[in-house]
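Q:
Residue numbers (this note's numbering): 45 to 289.
1) Going by DSSP, what residues sit across from residue 215 in a beta bridge?
2) Please report the straight-line C-alpha distance between residue 214 and residue 121, rounded to a whole angstrom.
3) When the Cβ atoms of the segment 94-112 are set against those of the segment 159-171, are three or more pairs found closer than 8 Å?
4) In angstroms, rounded to a whole number, what distance separates the CA positions of residue 74 and residue 149?
5) In the structure shown, what three-state DSSP assignment does residue 108 receive?
6) Going by the beta-carbon positions, is the gap between residue 45 and residue 132 smaller than 8 Å?
7) Quick one: grab the DSSP three-state call for residue 67.
8) Locate the alpha helix (DSSP H) running through residue 50, then write down its first and last residues.
9) Grouping DSSP H, G and I as helix and E and B as strand, with all else coil, what is residue 83?
10) Could you pull the start and end residues of the beta strand (DSSP E) that residue 173 belongs to?
11) Count the other C-beta atoms from every protein chain shown that fall within 10 angstroms of the C-beta of residue 147, then say buried if there are 16 or more, exposed otherwise.
12) Would you decide whether residue 129 is buried or exposed? Buried here means 16 or more other CB atoms lie within 10 Å of its CB.
13) Less than 7 Å between C-beta atoms, sequence neighbours within five positions excluded: which residues of the same chain meet that for residue 237?
14) Apply the 10 Å Cβ neighbour rule to residue 177 and answer buried if 16 or more other Cβ atoms are within range, or exposed otherwise.
15) Are there 16 or more other CB atoms within 10 angstroms of the CB of residue 115, so buried, or fewer, so exposed?
16) Rounding to the nearest angstrom, what Cα-Cα distance links residue 81 and residue 209 in this structure?
17) With a cut-off of 8 Å on the beta carbons, I'd call residue 105 and residue 49 a contact; round off their distance for me.
18) Going by alpha carbons, who is nearest to residue 279 out of 243, 256 and 58?
19) Out of 211, 78, 186 and 264, state which residue places its alpha-carbon closest to the alpha-carbon of residue 196.
20) Under the rule that 16 or more other beta-carbon atoms within 10 Å means buried, what is residue 165, buried or exposed?
21) Rounded to whole angstroms, what's the CA-CA distance from residue 229 to residue 269? Just pull it up for me.
22) Taking Cβ positions, are residue 123 and residue 71 nearer each other than 8 Å?
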């Protein structure tokens, strides 16, 4: 079995609990306007690895990551779900905490094969970091090129299967930062049973240079990061106790 990998990070501090060894998988079907890793889009652009090879890389840092663990991110890691499942199985055998950073776009609730593959994955997954790009269907399409149906279905699937999750939402001025949508997102989050944390990730422009190097037009040229006030506003809405907006 081969997985195509973009890169590794041995000291991740924002990709789950504790210090994380982060594996960035190659390939993503979405084209988010604020994506800061366009170099991960093409799946075949990565370096091929066997799950056992990646495990060897992780084990070099096992004592270093301590009570942290491994996070598989991307790109969209679940484009290579069989590889991730096997890699996570090996990690659990080694006693290492596993976290998955995903948009859930690959999940198809009406396809039994998809459901079973994702159930198999969850056997070896301790935590899911679920990126919800936008709660509104049409705006989600405008931002990513895809519906948010699979993402929301996956969130419900995680909840129904008792799997802990952190919800992540990127805050972009004039794109994802409007109070009405944030309240609707909060309402959806409140319907889930296993959300442990909600993270607001302020948009930044650090990926713009990658677009220039790749010769790709940057979709949000001129858009500035949100103000501290707007970030705090979003956090207040999304993390409020129910009915205390």
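Just so it is clear, CB atoms sit at the ideal spot from N, CA and C, and this is done for glycine as well. Keep in mind it's a predicted model, so treat the numbers as computed, not measured.
A: Let me spell this out:
1) 246
2) 18 Å
3) no
4) 8 Å
5) helix
6) no
7) strand
8) From DSSP, residue 50 is part of no alpha helix (DSSP H) but of the beta strand (DSSP E) over 47-56.
9) helix
10) 171-175
11) buried
12) buried
13) 203
14) buried
15) buried
16) 23 Å
17) About 16 Å separates the two Cβ atoms, so there is no contact after all.
18) 243
19) 211
20) buried
21) 21 Å
22) yes
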